[in-house]
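>
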Amino acid sequence: MKLNLQAIKLAKGIHWVGANVHTEDLFEGIWPIPDGVALNAYTVQGDKTAVIELVREWGGAAMTFMKGLNDLDIDPKNLDYIILNHLEPDHTGFTYMFRSLAPNATIVTTEKGAALVEGFYGITENIHVVKTGDSLDLGQGKILHFTELPNVHWPETMGTYEESSGILFSSDAFGSYGIHKGSIFDDEQPEAIKPYWEEEMVRYYANIVAKFSGNVLNAIDKLGGVDIKMIAPSHGLIWRGNPGIVIKKYLRYANYSKDFQEPEITIIWGSMYGNTETMLNAIIKGASEEDIPIHVHQVPNKDASFILADAFKSSGLIIGCPTYEYGMFPPMKYMLEILNEKLIRFKKVGFFGSYGWSGGAKRDFDDLSDRMKWDIEEPLLFKGYPTREEIQKGEELGRTIARKVKEIPSKIEGEEY
Numbered sequence: 000m001k002l003n004l005q006a007i008k009l010a011k012g013i014h015w016v017g018a019n020v021h022t023e024d025l026f027e028g029i030w031p032i033p034d035g036v037a038l039n040a041y042t043v044q045g046d047k048t049a050v051i052e053l054v055r056e057w058g059g060a061a062m063t064f065m066k067g068l069n070d071l072d073i074d075p076k077n078l079d080y081i082i083l084n085h086l087e088p089d090h091t092g093f094t095y096m097f098r099s100l101a102p103n104a105t106i107v108t109t110e111k112g113a114a115l116v117e118g119f120y121g122i123t124e125n126i127h128v129v130k131t132g133d134s135l136d137l138g139q140g141k142i143l144h145f146t147e148l149p150n151v152h153w154p155e156t157m158g159t160y161e162e163s164s165g166i167l168f169s170s171d172a173f174g175s176y177g178i179h180k181g182s183i184f185d186d187e188q189p190e191a192i193k194p195y196w197e198e199e200m201v202r203y204y205a206n207i208v209a210k211f212s213g214n215v216l217n218a219i220d221k222l223g224g225v226d227i228k229m230i231a232p233s234h235g236l237i238w239r240g241n242p243g244i245v246i247k248k249y250l251r252y253a254n255y256s257k258d259f260q261e262p263e264i265t266i267i268w269g270s271m272y273g274n275t276e277t278m279l280n281a282i283i284k285g286a287s288e289e290d291i292p293i294h295v296h297q298v299p300n301k302d303a304s305f306i307l308a309d310a311f312k313s314s315g316l317i318i319g320c321p322t323y324e325y326g327m328f329p330p331m332k333y334m335l336e337i338l339n340e341k342l343i344r345f346k347k348v349g350f351f352g353s354y355g356w357s358g359g360a361k362r363d364f365d366d367l368s369d370r371m372k373w374d375i376e377e378p379l380l381f382k383g384y385p386t387r388e389e390i391q392k393g394e395e396l397g398r399t400i401a402r403k404v405k406e407i408p409s410k411i412e413g414e415e416y
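Under numbering that gives the first Met the number 0, the first residue of the sequence shown carries the number 0, and numbering increases by one thereafter.
1. Tell me Y80's beta-bridge partners as DSSP assigns them.
2. Look up E261 in the DSSP assignment and give the residues it is bridged to.
3. Since L167 and G158 should fall inside the 8 Å C-beta cutoff, what is the C-beta to C-beta distance between them, to a whole number of angstroms?
4. Rounded to a whole number of angstroms, what is the C-alpha to C-alpha distance between A18 and P194?
5. Report the partner residues of V295 according to the DSSP bridge assignment.
6. Excluding the 5 residues preceding and the 5 following M331 in the sequence, name in chain order all residues of the same chain whose CB lies nearer than 6 Å to its CB.
7. When you compare only the Cα positions, how much space is there between Q5 and V16?
8. Pick out whichever of E187, F364, N150, E388 has its Cα sitting closest to the Cα of F350.
9. Among the residues of its own chain, which have a CB less than 7 Å from the CB of E147, if the five just before and after it don't count?
10. How big is the Cα-Cα spacing for R370 and K257?
11. Checking the sheet assignment: what are the DSSP bridge partners for S353?
12. Could you check where the beta strand (DSSP E) with Q44 kicks off and where it finishes?
13. Rank G273, P262, Y272, G355 by C-alpha distance to the C-alpha of A310 and give the top, closest one.
14. Name the DSSP beta bridge partners of M371, please?
15. The beta strand (DSSP E) that contains N19, what's its start and end?
16. For A360 and E197, what's the separation of their Cα atoms in angstroms?
17. Just reading off the alpha helix (DSSP H) that P194 is part of, what are its end residues?
18. DSSP three-state label for E23, please.
19. Nearest CA to the CA of F345: which residue from G315, A205, G45?
20. Go ahead and pull the three-state DSSP assignment for D220.
21. Tell me, please, whether the region 46-66 touches the region 133-150 by the rule of three or more beta-carbon pairs shorter than 8 Å.
22. The alpha helix (DSSP H) that contains P88, what's its start and end?
23. Is DSSP giving P330 helix, strand or coil here?
24. Can you have a look at E87 and say buried or exposed, based on whether 16 or more other CB atoms are within 10 angstroms of its CB?
25. Mind checking R251: buried by the 16 CB within 10 Å criterion, or exposed?
26. Just how far apart, CA to CA, sit D186 and A231?
27. By alpha-carbon positions, which one of D302, A60, S357 ends up nearest to Y333?
28. Using only the heavy atoms of the ligand SAH, determine whether one of them is closer than 7 Å to the beta carbon of M96.
29. In the DSSP output, which residue or residues are listed as bridge partners for H127?
30. Compute the Euclidean distance between the alpha carbons of N150 and N214, then round it to the nearest angstrom.
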């Protein structure tokens with residue numbers, strides 16, 4: 000199906016009216032989205048009409064959304080409900096303006112969501128608060144059921160399930176970065192595009208959701224008895240062909256935050272004058288002998304978003320940086336603070352670096368890794384340029400981490416599209 004209309008049918012009376020945003024802006028003001036992002040919004044029409052999710056005025060998204068409604072002959076003045084599953088402004092930034100276009104529509108959200116509707120947009124009237132187990136009958140068999148999914152990834156989040164179609168409107172759960180390339184549906188993705196979605200989904204999860212993996216597992220548990228025929232998230236693909244696949248993907252990602260990751264190594268390094276970089280080459284040489292994937296990222300040259308994605312899914316992590324003014328090389332300290340914040344735990348870890356008059360980088364490393372549940376090898380520190388013996392130790396450090404990573408059994412089998 001080509002994106003030749005603004006509204007795309009998901010099921011009888013249910014349509015996608017979202018927008019694909021191309022932008023140089025940073026997602027959440029932090030994360031780069033060089034391939035853009037889809038803002039998914041939906042309509043459900045029975046005797047009454049509901050919009051599920053809105054958009055932000057971002058790269059023409061609001062106009063695209065309005066054109067989608069126009070395709071369906073939906074006049075906002077006649078709209079009955081605005082369902083806000085999640086109040087983060089990338090979904091709701093258009094709320095204040097849209098409410099003026101749809102003054103009769105009732106906003107439906109959770110109790111905590113209602114507080115954010117007031118806080119963000121100053122709207123306090125015509126708001127209907129729902130909780131887990133509540134339903135809304137739109138007529139003609141279209142019944143919406145609501146389930147609170149707190150902290151996936153904000154505390155007010157809920158999912159909306161439409162009974163007749165079996166569609167779960169899942170908000171940020173099961174979402175992804177990236178724009179739609181030719182189709183919004185998983186079962187219409189060419190083989191060549193599937194790796195793009197896998198990379199963007201992992202990066203989205205690592206950047207946005209990883210800290211809340213326990214809540215993701217709870218949410219999947221809550222939805223376990225629901226007959227889900229399609230998953231329609233707020234970002235990324237609509238999972239129509241096999242929604243069970245994206246659930247398994249998210250289960251896999253959530254378990255990365257517990258005690259399982261992929262048999263890969265991510266090496267994060269920074270160097271001031273080439274001394275630490277010399278040791279880096281030895282580390283890579285040793286690790287490469289075990290024939291496992293190795294991701295190498297230099298700070299501050301590579302954005303933290305991409306480093307985080309690889310570090311999140313790798314069971315091996317090697318950190319290399321020099322001491323800088325009695326402490327850790329500042330770009331690496333920032334990167335470790337992010338790993339700490341996103342709960343990047345349970346890794347086989349190595350640390351190495353050059354120093355001049357003190358080894359203060361290790362002190363910062365010890366402090367930042369203290370609660371990360373990392374299995375850390377003896378750090379390899381060297382004064383100035385590494386000696387031949389130290390380079391051999393570097394090769395052995397890389398080899399040791401790789402062997403440990405290779406021995407980790409896979410606990411969860413993933414699925415392809």
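Think of the CB as a built atom: it goes at the ideal place given N, C-alpha and C, for glycine as much as any other residue.
Answer, in terms of the structure:
1. A49, T105
2. S313
3. 6 Å
4. 22 Å
5. I266
6. G269, V298, C320
7. 6 Å
8. F364
9. Here the set comprises T109, K130, T131, M157.
10. Cα-Cα distance, rounded: 13 Å.
11. F381
12. 41-44
13. Between A310 and the set G273, P262, Y272, G355, the nearest pair of CA atoms involves P262.
14. Answer is none; M371 lacks a bridge partner.
15. 18-20
16. Their Cα atoms are separated by approximately 35 Å.
17. P194 -> alpha helix (DSSP H) spans 193-203.
18. Annotated three-state conformation of E23 is coil, per DSSP.
19. Checking every option, the nearest Cα to that of F345 belongs to G315.
20. helix
21. Per the Cβ contact rule, the region 46-66 is in contact with the region 133-150 (3 or more Cβ pairs under 8 Å).
22. That run of the alpha helix (DSSP H) goes 88-91.
23. helix
24. Its Cβ being crowded by 16 or more others within 10 Å, E87 is buried.
25. buried
26. 13 Å
27. D302
28. No copy of the ligand SAH appears in this structure; indeed no ligand is present at all.
29. V107
30. About 6 Å.
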